[in-house]
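Okay, so here's the structure we're looking at.
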Amino acid sequence: MPSFFRPHSLFLGLFLLFSACAVSQPKPDTGTKNKKANAYFFQALEVANFGKDAEALDLLDKALKKDENFADAWIFKGDILSKQAKYAEAEQCYKTAIEKNSQAYDALQSLGEMYFHLNRYEESANYMNQFLATPNLSEARKYRATRFRDNAVFAQEAIKNPVPFTPKNAGPSINSESREYFPGITVDGEYFIFTRVVGQNRNEDFYYCKKVNDTTWGPAINLGPPVNTEENEGSVSVSADGQFIFFTSCNRSKKNTYQGRQGGAHPREIYPGCDLYYSRLEGTKWSIPRHMGPIINSNQWESTPSLSFDGLNLYFASKREGGYGGSDIWMSTFENGRFGEPVNLGPEVNTIGNEETPFIHPDNQTMYYSSDGKPGMGGYDFYVSRRKDDGSWDTPVNLGFPINTGGDEKGLMVNSKGELAYYSSDNRPDSYGTIDIYQFALPAQFRPQKLNYAKAIVLDDETGKPLEAAAELFKLSDGTKVISTGTNSETGSFLVVLQANQDYALNIAKEGYLFHSENFSLSQGSQDKPYELVVRLKKIKAGTNVVLKNVFYDVNSFELRKESQVELDKLTAFLEANPNMKIEIGGHTDNTGNAAANQKLSENRAKSVMNYLIGKGIAANRLSYKGYGSTKAIADNATEEGRQLNRRTEYKIISN
Numbered sequence: 001m002p003s004f005f006r007p008h009s010l011f012l013g014l015f016l017l018f019s020a021c022a023v024s025q026p027k028p029d030t031g032t033k034n035k036k037a038n039a040y041f042f043q044a045l046e047v048a049n050f051g052k053d054a055e056a057l058d059l060l061d062k063a064l065k066k067d068e069n070f071a072d073a074w075i076f077k078g079d080i081l082s083k084q085a086k087y088a089e090a091e092q093c094y095k096t097a098i099e100k101n102s103q104a105y106d107a108l109q110s111l112g113e114m115y116f117h118l119n120r121y122e123e124s125a126n127y128m129n130q131f132l133a134t135p136n137l138s139e140a141r142k143y144r145a146t147r148f149r150d151n152a153v154f155a156q157e158a159i160k161n162p163v164p165f166t167p168k169n170a171g172p173s174i175n176s177e178s179r180e181y182f183p184g185i186t187v188d189g190e191y192f193i194f195t196r197v198v199g200q201n202r203n204e205d206f207y208y209c210k211k212v213n214d215t216t217w218g219p220a221i222n223l224g225p226p227v228n229t230e231e232n233e234g235s236v237s238v239s240a241d242g243q244f245i246f247f248t249s250c251n252r253s254k255k256n257t258y259q260g261r262q263g264g265a266h267p268r269e270i271y272p273g274c275d276l277y278y279s280r281l282e283g284t285k286w287s288i289p290r291h292m293g294p295i296i297n298s299n300q301w302e303s304t305p306s307l308s309f310d311g312l313n314l315y316f317a318s319k320r321e322g323g324y325g326g327s328d329i330w331m332s333t334f335e336n337g338r339f340g341e342p343v344n345l346g347p348e349v350n351t352i353g354n355e356e357t358p359f360i361h362p363d364n365q366t367m368y369y370s371s372d373g374k375p376g377m378g379g380y381d382f383y384v385s386r387r388k389d390d391g392s393w394d395t396p397v398n399l400g401f402p403i404n405t406g407g408d409e410k411g412l413m414v415n416s417k418g419e420l421a422y423y424s425s426d427n428r429p430d431s432y433g434t435i436d437i438y439q440f441a442l443p444a445q446f447r448p449q450k451l452n453y454a455k456a457i458v459l460d461d462e463t464g465k466p467l468e469a470a471a472e473l474f475k476l477s478d479g480t481k482v483i484s485t486g487t488n489s490e491t492g493s494f495l496v497v498l499q500a501n502q503d504y505a506l507n508i509a510k511e512g513y514l515f516h517s518e519n520f521s522l523s524q525g526s527q528d529k530p531y532e533l534v535v536r537l538k539k540i541k542a543g544t545n546v547v548l549k550n551v552f553y554d555v556n557s558f559e560l561r562k563e564s565q566v567e568l569d570k571l572t573a574f575l576e577a578n579p580n581m582k583i584e585i586g587g588h589t590d591n592t593g594n595a596a597a598n599q600k601l602s603e604n605r606a607k608s609v610m611n612y613l614i615g616k617g618i619a620a621n622r623l624s625y626k627g628y629g630s631t632k633a634i635a636d637n638a639t640e641e642g643r644q645l646n647r648r649t650e651y652k653i654i655s656n
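For the sequence shown, my numbering assigns the number 1 to the initial residue and increments by one for each residue that follows.
Quick look at the structure:
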């Protein structure tokens, strides 16, 4: 059946009303004066309520023989025939009702809905407009009819202006004879995670595949316990660094734990139904999932979480109180060590209908979600909305036809490059089962902002063994900390997202080691190839030197640019943490220009750094400076890349 069709719902409602008060109240007025016709009509209602449609049709024919002008009987018969996909016969019944009774307004609504599901949108809109002129319509019926009318108008235009859409099955590694849906992919595109229905109990579990090459995924592997249980797990969101997952689990346990406000584990009765959980990757194993507690989870339905690239905002769908309709999209912000009270995204995004399956792209500005409350093709459609500078959201845009259909579209996600979208669809000719995951090239107008990422492995410089270290990413323009993360405890790896049109400083630190810095300049355009780094941290010992990659000067100037503050404040904190350490600041240039001038410039630049540190409270007797000019090159001065590496500021440990 079409997702919006409501076979003889008006008459079943009438039957329930009649049944509830049949002893003490007269039967509702059906519009006929013929007692026999009326009796057959109510018998038809009763048997139809138990799914006996053939018997109901026979009784309605008997009623119509008694009163051929019985409009309600004609409409009821049309609804049953529509349910049976006998649309031509149903159409004739509805039109006969209108012919027999000019006030058979329900027939107008039934015709409008039937025409909509038959893709006869112009006729649908016409009949819905006629129905909306009915006097004294209830708000509920007016809302339903308006939705159908608006959808019909939208669908006419959408079909005239289709968007490019060539879905491709994601392949046998991901899809099977079972149902697969709610796709997810890591920022680096190395892992694909999704929900699969398994076993005789039709249990939902998470599976993942590892990338083999650009066109092939490895075999699907069950994520296993403790994340997967005998209950249902679905709709997972993987953090940008791949170290956390946030997911929905339904009826997981009557007893569980959640991370309380003070950071401890507290027992709590879990509301029956669907709540949000999270788990952390500890080495190569996922931790026991934590319930997200009563601030995020209410006594209503929560589902489909999506975590922002910086880990600071969690988006999800909920039917909690305070929304605009059935289910709304909410957002919680991570502050002071916990996720705070969720905030509704407001009427621009949410409607009196239902909004579900939000996906916030790693660009942190583009959100894709599903709604059945905005003009669309019918059922749930995919929409895209972009966050404005003030935090509000642009008017959502429907992704168009044929991406959206008359059915329900849910669970769209887009890869980090913004080029490929993934979604689930049922009963396509190339499917392996009933519901499979598909991919398609996202039309340009719906794509998110470009971004990149840096992926690193942190090693001990002497032993080559992975290190568990802290990593922080800053915007150089204003010193804002964008991401605070850490390496995987077993592999030493981490990943940070780099948004376009920004310059970044990355600092990596571990107690007992010299901190390491990197610079990513994206303000002049992002390179397509990700940054892949092997960072070798050096232990603190005399004679070791480190390049300060985020200390900047203008050409032929020794005045520090404001973008240097992030790096120099990090060096200040490092010296404060090691109060006995003494360092030398070294300035270096390339070999272009006058050697004497280069020597003087390098001295002045080193002195500028020393003076900055003194100004921050570092004792002058712990600091010295020296200019080396072009005498200690670390790269070939014959290339611009080499000369850029040679123009540097370093610090060297004198004693610790």
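Glycine included, every Cβ here is placed at the ideal spot set by N, Cα and C.
Three or more beta-carbon pairs separated by less than 8 Å link the stretch 366-385 to the stretch 401-409, which places the two stretches in contact. For the 9 Å CB-CB criterion, residue 235 and residue 195 form a contact. Ranked by Cα distance from residue 600, the options 611, 610, 587 and 612 are led by 587. In the DSSP assignment, residue 370 falls within the unbroken beta strand (DSSP E) covering 366-371. Excluding the 5 residues flanking it on each side, residue 551 has same chain C-beta neighbours closer than 6 Å at 564, 567 and 649, in chain order.
Three or more Cβ pairs drawn from the stretch 639-654 and the stretch 568-587 lie within less than 8 Å of each other, which places the two stretches in contact. According to the DSSP assignment, residue 513 belongs to no beta strand (DSSP E), since it is labelled neither H nor E. Counting C-beta pairs with one atom in each stretch, the stretch 106-122 and the stretch 143-150 have three or more that are closer than 8 Å, which means they touch. By the CB criterion at 9 Å, residue 226 and residue 287 fall inside the cutoff.
The beta carbon of residue 279 sits closer than 6 Å to those of 227, 245, 286, 287 and 289, all from its chain and outside the five residues before and after it, given in chain order. Inter-segment contact for the stretch 68-81 and the stretch 39-50 is present: three or more beta-carbon pairs are separated by less than 8 Å.
By the Cβ criterion, the stretch 326-335 is in contact with the stretch 347-358, since at least three pairs of Cβ atoms, one from each stretch, lie closer than 8 Å. For residue 566, there is no enclosing beta strand (DSSP E); the residue is part of the alpha helix (DSSP H) that begins and ends at 565-577. Spatial neighbours of residue 622 in its own chain (CB-CB distance under 8 Å, excluding positions within 5 residues in sequence) are listed in chain order as 575, 581, 582 and 583.
A distance below 6 Å between beta-carbons, with the five flanking residues on each side excluded, links residue 484 to the following residues of its chain, in chain order: 472. Less than 9 Å divides the Cβ of residue 233 from the Cβ of residue 205. Inclusion of residue 446 and residue 423 in the CB contact set at 9 Å is not warranted, their separation being larger than that value.
For the pair residue 343 and residue 332, the CB atoms are nearer than the 9 Å cut-off. Setting aside the 5 residues that flank it on each side, residue 93 is surrounded in the same chain by 74, 77 and 78, each with a C-beta closer than 6 Å to its C-beta; the list follows chain order. Residue 452 carries a strand assignment under DSSP once its states are collapsed to helix, strand and coil. Shown here, residue 611 sits in a helix according to DSSP, grouped into three states. Taking C-beta separations shorter than 8 Å and ignoring five residues to either side along the sequence, the partners of residue 162 in its chain run 400, 401 and 402, following chain order. Following the DSSP letters along the chain, one finds residue 154 in no beta strand (DSSP E) but inside the alpha helix (DSSP H) bounded by residues 139-160. In this structure, residue 307 lies near residue 237, with their beta-carbon atoms less than 9 Å apart. Judged by DSSP secondary structure, residue 98 falls within the alpha helix (DSSP H) whose first and last residues are 87-100.
With 16 or more neighbouring CB atoms inside 10 Å of its own CB, residue 174 falls in the buried class.
Cβ-Cβ distances below 6 Å link residue 627 to 587, 599, 602, 603 and 606 in the same chain, with the five nearest sequence neighbours on each side left out; the list follows chain order. Ranked by how close their Cα comes to the Cα of residue 415, the residues 360, 122, 393 and 481 have 360 in first place. Here residue 82 is buried, its C-beta having at least 16 other C-beta atoms within 10 Å. In the DSSP annotation of this structure, the continuous segment of the beta strand (DSSP E) that includes residue 234 starts and ends at 232-238. Relative to residue 496, the option among 240, 644, 410 and 457 whose CA is nearest is 240.
The continuous alpha helix (DSSP H) containing residue 296 extends over residues 293-296. In this structure, the alpha-carbon of residue 209 lies about 35 Å from that of residue 524. In terms of CA proximity to residue 643, 629 leads the group 183, 629 and 464. When C-alpha distances from residue 323 are compared across 338, 69 and 302, the shortest belongs to 302. When the five nearest sequence neighbours on each side are left out, the beta carbons in the same chain lying within less than 7 Å of the beta carbon of residue 165 are those of 402, 403 and 440, in order along the chain.
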